[in-house]
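Trainee: In this text, residue positions in the sequence shown follow our numbering: the first is 356, and each later residue adds one.
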Amino acid sequence: MKLVNSIVGGAAIASLASGAWAEELSGELTILNWLGGTEGELIIALEEAFAAKHPDVTINDINPSAGGGDARAGIRSALLSGESFDLLLNTWPSFEKELIDAGLLQSWDGQWESRGWSNALSDSWRNLATYDGSTYGVYFLAGNRSGLWYRPDVFAAAGIDSEPQSWDDYLATFPKLAANDVQPVSIGARSWATTEWFENMILKSAGADYARSLAAHDGAKWTDPQVTAVFDLWRGMLEANCCESTEKMLAMHWPDTADAVMRDGTAGTMLIGAWANQRAAGEYGQAPGEDYSFFQFPAVDAAHANTMSIDGKNWLLMDGAKDVELAGAFIDFVLSEEGSDIIANLNIATPSANVDTSKYDPIVAKYVAAYSGADVVFVLDDLLPAELSGLFRTSLQNFLQDPSPENVAKIQAALEAKADEVY
Numbered sequence: 356m357k358l359v360n361s362i363v364g365g366a367a368i369a370s371l372a373s374g375a376w377a378e379e380l381s382g383e384l385t386i387l388n389w390l391g392g393t394e395g396e397l398i399i400a401l402e403e404a405f406a407a408k409h410p411d412v413t414i415n416d417i418n419p420s421a422g423g424g425d426a427r428a429g430i431r432s433a434l435l436s437g438e439s440f441d442l443l444l445n446t447w448p449s450f451e452k453e454l455i456d457a458g459l460l461q462s463w464d465g466q467w468e469s470r471g472w473s474n475a476l477s478d479s480w481r482n483l484a485t486y487d488g489s490t491y492g493v494y495f496l497a498g499n500r501s502g503l504w505y506r507p508d509v510f511a512a513a514g515i516d517s518e519p520q521s522w523d524d525y526l527a528t529f530p531k532l533a534a535n536d537v538q539p540v541s542i543g544a545r546s547w548a549t550t551e552w553f554e555n556m557i558l559k560s561a562g563a564d565y566a567r568s569l570a571a572h573d574g575a576k577w578t579d580p581q582v583t584a585v586f587d588l589w590r591g592m593l594e595a596n597c598c599e600s601t602e603k604m605l606a607m608h609w610p611d612t613a614d615a616v617m618r619d620g621t622a623g624t625m626l627i628g629a630w631a632n633q634r635a636a637g638e639y640g641q642a643p644g645e646d647y648s649f650f651q652f653p654a655v656d657a658a659h660a661n662t663m664s665i666d667g668k669n670w671l672l673m674d675g676a677k678d679v680e681l682a683g684a685f686i687d688f689v690l691s692e693e694g695s696d697i698i699a700n701l702n703i704a705t706p707s708a709n710v711d712t713s714k715y716d717p718i719v720a721k722y723v724a725a726y727s728g729a730d731v732v733f734v735l736d737d738l739l740p741a742e743l744s745g746l747f748r749t750s751l752q753n754f755l756q757d758p759s760p761e762n763v764a765k766i767q768a769a770l771e772a773k774a775d776e777v778y
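(1) Taking DSSP as the reference, what is the three-state secondary structure of residue 769?
(2) Where does residue 709 sit, in a helix, a strand or coil, going by DSSP?
(3) Less than 6 Å between C-beta atoms, sequence neighbours within five positions excluded: which residues of the same chain meet that for residue 549?
(4) Taking the alpha helix (DSSP H) that residue 449 falls in, what are its first and last residues?
(5) What does residue 522 pair with, by DSSP beta-bridge criteria?
(6) Tell me which same chain residues have a C-beta within less than 7 Å of the C-beta of residue 525, skipping the five on either side of it?
(7) Using the rule of at least 16 other Cβ atoms within 10 Å of the residue's Cβ for burial, across every protein chain shown, is residue 624 buried or exposed?
(8) Does DSSP put residue 726 in a helix, in a strand, or in coil?
(9) If I measure Cβ to Cβ from residue 381 and keep anything under 7 Å in the same chain, skipping five residues before and after, which residues do I get?
(10) Between 463, 601, 638, 584, which lies nearest to residue 610 when the distance is taken from Cα to Cα?
(11) Check the DSSP bridge columns for residue 668 and list the partner residues they point to.
(12) What is the C-beta distance between residue 725 and residue 712, in whole angstroms, given that I count them as a contact (C-beta under 8 Å)?
(13) Let's see if you can read the secondary structure: which residues bound the beta strand (DSSP E) around residue 385?
(14) With H, G and I counted as helix, E and B as strand and the rest as coil, what does DSSP make of residue 591?
(15) Looking at residue 538: is its Cβ nearer than 8 Å to the Cβ of residue 636?
(16) Taking only three categories from DSSP, how would you classify residue 617?
(17) Please report how far the alpha carbon of residue 542 lies from the alpha carbon of residue 683, in whole angstroms.
(18) Leaving out the 5 sequence neighbours to the left and right, which residues in its chain are closer than 7 Å to residue 512 when beta-carbon positions are compared?
(19) Check the DSSP bridge columns for residue 648 and list the partner residues they point to.
(20) If we count the other Cβ atoms within 10 Å of its Cβ and call it buried at 16 or more, is residue 594 buried or exposed?
(21) Looking only at its chain, what residues have a beta carbon closer than 7 Å to the beta carbon of residue 664, apart from the 5 residues adjacent to it on each side?
(22) Going along the chain, which residues of its own chain have a beta-carbon closer than 7 Å to the beta-carbon of residue 376, five neighbours each way excluded?
(23) Tell me whether residue 655 sits in a helix, a strand or coil according to DSSP, three-state version.
(24) Mind checking who residue 673 pairs with in its DSSP beta bridge?
(25) Inspect the beta-carbon positions of residue 448 and residue 737 and report whether they are closer than 8 Å.
(26) May I ask you to verify whether the stretch 739-755 touches the stretch 675-694, counting CB pairs closer than 8 Å and requiring at least 3?
(27) Could you tell me the alpha carbon to alpha carbon distance between residue 540 and residue 619, rounded to whole angstroms?
(28) Starting from residue 538, trace the beta strand (DSSP E) both ways and give me its first and last residue.
(29) Cutting at 7 Å between CB atoms, please list the residues of its own chain near residue 788, excluding the five before and the five after it.
(30) Throw me the rounded Cβ distance for the residue 722 and residue 504 pair, which I believe falls under 8 Å.
(31) Tell me the rounded alpha-carbon separation between residue 401 and residue 472.
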């Protein structure tokens with residue numbers, strides 16, 4: 356683990372400050388920040404702006420080394436080493452519960468009430484981080500995980516004049532795209548991106564309550580017919596010549612699929628999180644909403660059309676935090692109009708009611724609008740305990756190699772056995 360940034364308020368950065376300071380603060384705040392890319396830049400920008408408002412505050416930004424691409428490995432190493440920090444960024448509800456059970460977190464409830472955070476975050480966002488009646492996380496970033504990305508010009512050239520709303524509508528795009536020498540769907544199956552497909556299929560066919568029950572292993576089982584139906588849907592896609600060969604899918608990461616769909620136009624749709632927006636706009640130089648767009652995953656059962664898979668980032672308060680009030684003041688700033696502006700100016704969605712939504716590009720505005728009234732469920736893979744998550748990912752790769760009903764039955768039985776073991 357290494358210190359990558361130490362942000363100190365003072366004359367050198369005082370010019371960043373704007374307006375009167377809400378409170379006089381001093382001290383040191385240490386944040387374990389494992390994010391990279393645009394989101395990593397965002398955290399540094401928030402830290403710098405907060406330090407500029409409070410010259411007597413020092414912020415230490417620590418980045419853990421995350422082996423295998425999963426930041427939880429680096430975070431666990433930091434915790435085991437005895438490294439002291441105040442705030443931890445988190446995106447995995449199952450990991451959050453793991454830390455709570457280990458006694459490593461403290462509740463935000465007192466500051467939530469005293470600082471009035473309910474004015475910024477709705478109860479639905481608070482409930483996502485509430486366990487046994489106590490709130491342990493404060494969400495400040497939100498993403499859409501139900502978006503199928505496409506290029507309007509590619510659809511138009513294939514004679515597709517509207518975004519598919521139902522599963523049958525979606526399947527009907529396959530022959531039209533194929534006739535125009537475009538692979539209908541691109542799936543990067545080398546790592547975890549296959550989970551996006553399972554999660555949305557279960558939501559749109561069995562509903563949000565069932566998906567929550569499966570994630571919690573509370574009533575729903577991996578051997579249920581609802582799970583079998585998801586594999587049947589997926590097998591139907593494969594039989595409709597949706598995708599590349601199994602060998603190619605297993606060799607591709609999600610950026611490869613983004614390149615094919617959004618940059619090259621050689622594939623029709625891909626399913627991935629909202630970060631694809633930053634890739635298309637920043638790396639490809641494309642215009643959001645014009646050169647590329649997305650539509651929400653089509654309904655398999657009309658009764659579950661208004662479901663949505665989401666992800667988010669929240670702040671956890673460590674049990675050994677040295678200055679709880681300073682940590683709370685930083686969260687106050689993140690949720691404020693000024694903090695929300697910093698987030699929106701980087702075109703990242705925040706659930707804070709203090710954000711000026713007119714600052715979003717058409718893509719972010721479109722999926723933020725989709726939150727309204729939707730029955731939202733956190734990403735299934737992030738809800739699962741780590742051991743089950745690992746088997747879940749490899750099982751979906753196994754399915755792509757052999758989608759037969761016999762193999763599906765074995766996969767379901769293995770997942771249920773693992774769930775019985777770890778819950």
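Note that beta-carbon positions come from the ideal geometry of N, C-alpha and C, so glycine has one too. If you're wondering where the values come from, they're calculated on a predicted model, not measured in any experiment.
Mentor: If we stick to the structure as given:
(1) helix
(2) Coil at residue 709, not helix or strand.
(3) 751
(4) 448-456 is the extent of the alpha helix (DSSP H) around residue 449.
(5) Looking at the DSSP assignment, residue 522 forms no beta bridge with any residue, so it has no partner.
(6) 519, 653
(7) buried
(8) helix
(9) Counting only residues of its own chain and dropping the five nearest sequence neighbours on each side, residue 381 has a CB closer than 7 Å to the CB of 411, 412.
(10) 638
(11) Under DSSP, residue 668 shares a beta bridge with 496.
(12) Incorrect: roughly 13 Å between the Cβ atoms, too far for contact.
(13) 381-387
(14) Helix at residue 591.
(15) Against a cut-off of 8 Å, the Cβ pair of residue 636 and residue 538 comes out as no contact.
(16) Residue 617: helix per DSSP, three-state reduction.
(17) 41 Å
(18) 535
(19) 505
(20) exposed
(21) 500, 501, 554, 555, 558, 732, 734
(22) For residue 376, the pLDDT reaches just 41, beneath the cut-off of 50, and the residue's location in the model is therefore unreliable, leaving the point undetermined.
(23) coil
(24) 460
(25) yes
(26) no
(27) 13 Å
(28) Residue 538: member of the beta strand (DSSP E) spanning 538-540, first to last residue.
(29) The chain is shown from 356 up to 778; residue 788 falls before or after that span and cannot be answered.
(30) For a cut-off of 8 Å, the C-beta gap from residue 722 to residue 504 is around 11 Å, too long to register as a contact.
(31) Straight-line measurement puts the Cα of residue 472 at about 18 Å from the Cα of residue 401.
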